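Here is the structure we will look at, set down as C-alpha coordinates.
Printed below as a string of C-alpha coordinates:
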(Lines of atoms letter the chains of each structure in order from A and count residues from 1; the text may use other names and numbers.)
(Lines give C-alpha, C1' and ligand atoms only; values in the text may rest on other atoms or scores of the structure.)
Protein backbone atom coordinates (compact mmCIF):
# COMPACT_ATOMS: atom_id res chain seq x y z
CA UNK A 1 0.00 0.00 0.00
CA UNK A 2 1.41 3.35 -1.06
CA UNK A 3 1.00 6.45 1.04
CA UNK A 4 2.52 8.82 -1.54
CA UNK A 5 0.65 11.42 -3.52
CA UNK A 6 -1.99 10.28 -5.98
CA UNK A 7 -0.96 10.22 -9.64
CA UNK A 8 -2.36 12.83 -11.99
CA UNK A 9 -5.06 11.96 -14.53
CA UNK A 10 -4.07 12.77 -18.12
CA UNK A 11 -6.93 14.56 -19.89
CA UNK A 12 -7.64 17.03 -22.64
CA UNK A 13 -8.37 20.59 -21.55
CA UNK A 14 -11.89 20.21 -22.95
CA UNK A 15 -12.54 17.42 -20.38
CA UNK A 16 -11.63 19.52 -17.32
CA UNK A 17 -15.25 20.57 -16.55
CA UNK A 18 -16.12 16.90 -15.98
CA UNK A 19 -13.55 16.65 -13.17
CA UNK A 20 -14.35 17.38 -9.53
CA UNK A 21 -12.66 19.66 -7.02
CA UNK A 22 -9.60 17.89 -5.63
CA UNK A 23 -8.85 15.81 -8.74
CA UNK A 24 -5.19 15.90 -9.75
CA UNK A 25 -4.93 16.40 -13.52
CA UNK A 26 -2.34 16.73 -16.26
CA UNK A 27 -3.27 18.62 -19.43
CA UNK A 28 -1.92 20.76 -22.25
CA UNK A 29 -3.15 24.26 -23.05
CA UNK A 30 -2.27 27.37 -25.01
CA UNK A 31 -1.57 30.57 -23.06
CA UNK A 32 -4.12 33.26 -23.96
CA UNK A 33 -3.32 35.67 -21.11
CA UNK A 34 -1.25 36.09 -17.97
CA UNK A 35 -2.09 38.30 -15.00
CA UNK A 36 1.03 39.31 -13.09
CA UNK A 37 -1.14 40.83 -10.34
CA UNK A 38 -2.99 37.58 -9.57
CA UNK A 39 -0.36 35.08 -10.77
CA UNK A 40 -2.91 33.47 -13.07
CA UNK A 41 -2.53 32.03 -16.57
CA UNK A 42 -5.55 31.57 -18.81
CA UNK A 43 -5.13 28.48 -20.99
CA UNK A 44 -7.38 27.42 -23.84
CA UNK A 45 -7.43 24.87 -26.61
CA UNK A 46 -10.05 25.61 -29.23
CA UNK A 47 -9.98 22.16 -30.79
CA UNK A 48 -13.43 22.74 -32.27
CA UNK A 49 -15.91 25.63 -32.49
CA UNK A 50 -17.90 24.08 -29.62
CA UNK A 51 -14.85 23.68 -27.35
CA UNK A 52 -15.25 26.75 -25.13
CA UNK A 53 -13.29 25.67 -22.08
CA UNK A 54 -10.74 27.86 -20.34
CA UNK A 55 -8.45 26.89 -17.50
CA UNK A 56 -7.49 29.60 -15.04
CA UNK A 57 -4.21 28.31 -13.66
CA UNK A 58 -2.91 29.73 -10.38
CA UNK A 59 0.89 29.65 -10.77
CA UNK A 60 1.82 31.21 -7.42
CA UNK A 61 3.33 27.93 -6.14
CA UNK A 62 5.62 27.66 -9.19
CA UNK A 63 6.57 31.33 -9.68
CA UNK A 64 10.23 30.76 -8.81
CA UNK A 65 10.59 28.30 -11.69
CA UNK A 66 8.29 30.09 -14.14
CA UNK A 67 10.05 31.62 -17.15
CA UNK A 68 8.87 34.27 -19.59
CA UNK A 69 8.44 31.63 -22.30
CA UNK A 70 5.81 29.86 -20.17
CA UNK A 71 3.68 32.99 -19.82
CA UNK A 72 3.94 34.17 -23.43
CA UNK A 73 0.62 34.31 -25.30
CA UNK A 74 0.50 31.51 -27.87
CA UNK A 75 2.89 29.23 -25.94
CA UNK A 76 1.74 25.64 -25.33
CA UNK A 77 2.36 24.44 -21.77
CA UNK A 78 1.84 21.23 -19.80
CA UNK A 79 0.26 21.56 -16.36
CA UNK A 80 -0.05 19.19 -13.44
CA UNK A 81 -2.31 20.50 -10.72
CA UNK A 82 -5.47 20.20 -8.68
CA UNK A 83 -8.98 21.21 -9.71
CA UNK A 84 -9.99 23.97 -7.28
CA UNK A 85 -12.92 26.20 -6.54
CA UNK A 86 -12.82 29.50 -8.40
CA UNK A 87 -11.73 32.06 -5.81
CA UNK A 88 -14.00 34.95 -4.93
CA UNK A 89 -14.02 37.46 -7.74
CA UNK A 90 -16.12 40.32 -8.95
CA UNK A 91 -19.41 39.07 -10.42
CA UNK A 92 -18.80 37.89 -13.96
CA UNK A 93 -15.06 38.56 -13.85
CA UNK A 94 -13.31 36.45 -16.45
CA UNK A 95 -16.38 34.33 -17.04
CA UNK A 96 -18.56 34.10 -20.12
CA UNK A 97 -21.94 32.37 -20.24
CA UNK A 98 -20.87 30.49 -23.38
CA UNK A 99 -17.60 29.41 -21.82
CA UNK A 100 -16.81 26.88 -19.12
CA UNK A 101 -14.00 28.00 -16.84
CA UNK A 102 -12.11 25.63 -14.56
CA UNK A 103 -9.72 26.78 -11.84
CA UNK A 104 -6.44 24.86 -11.38
CA UNK A 105 -3.80 25.14 -8.65
CA UNK A 106 -0.57 24.37 -10.54
CA UNK A 107 2.01 22.07 -8.98
CA UNK A 108 4.17 21.80 -12.11
CA UNK A 109 4.17 23.75 -15.35
CA UNK A 110 6.55 23.41 -18.28
CA UNK A 111 6.74 24.39 -21.95
CA UNK A 112 5.51 21.78 -24.40
CA UNK A 113 8.01 22.78 -27.08
CA UNK A 114 7.29 22.04 -30.74
CA UNK A 115 4.38 19.65 -31.14
CA UNK A 116 1.74 18.43 -33.55
CA UNK A 117 -1.41 19.30 -31.62
CA UNK A 118 -3.67 17.06 -33.73
CA UNK A 119 -1.37 14.08 -33.15
CA UNK A 120 -1.26 14.89 -29.43
CA UNK A 121 -5.07 14.92 -29.21
CA UNK A 122 -5.32 11.65 -31.11
CA UNK A 123 -2.71 10.00 -28.88
CA UNK A 124 -4.41 11.14 -25.66
CA UNK A 125 -7.84 9.99 -26.87
CA UNK A 126 -6.43 6.57 -27.86
CA UNK A 127 -4.67 6.22 -24.51
CA UNK A 128 -7.83 7.11 -22.58
CA UNK A 129 -9.94 4.69 -24.63
CA UNK A 130 -7.46 1.88 -23.96
CA UNK A 131 -7.74 2.38 -20.18
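Residue numbers (my numbering): 170 to 300. Glycine included, every Cβ here is placed at the ideal spot set by N, Cα and C. Keep in mind that this is a model prediction, so the values were computed, not measured.
- Setting aside the 5 residues that flank it on each side, residue 251 is surrounded in the same chain by 193 and 274, each with a C-beta closer than 6 Å to its C-beta; the list follows chain order.
- The beta-carbon distance between residue 228 and residue 201, rounded to whole angstroms, is 14 Å. This is too long to meet the 8 Å contact definition.
- Annotation for residue 286: the continuous alpha helix (DSSP H) segment containing it runs 286-299.
- Cα atoms of residue 179 and residue 244: separation of roughly 20 Å, rounded to the nearest angstrom.
- The distance from the Cβ of residue 195 to that of residue 177 is about 4 Å, consistent with a contact at the 8 Å cut-off.
- Beta-bridge partners assigned by DSSP to residue 196: 248.
- For residue 198 against residue 246, the beta-carbon gap comes to about 6 Å, under 8 Å, which counts as contact.
- Between the alpha carbons of residue 224 and residue 182 lies a gap of roughly 7 Å.
- If you draw a straight line from the Cα of residue 233 to the Cα of residue 249, it comes to about 16 Å.
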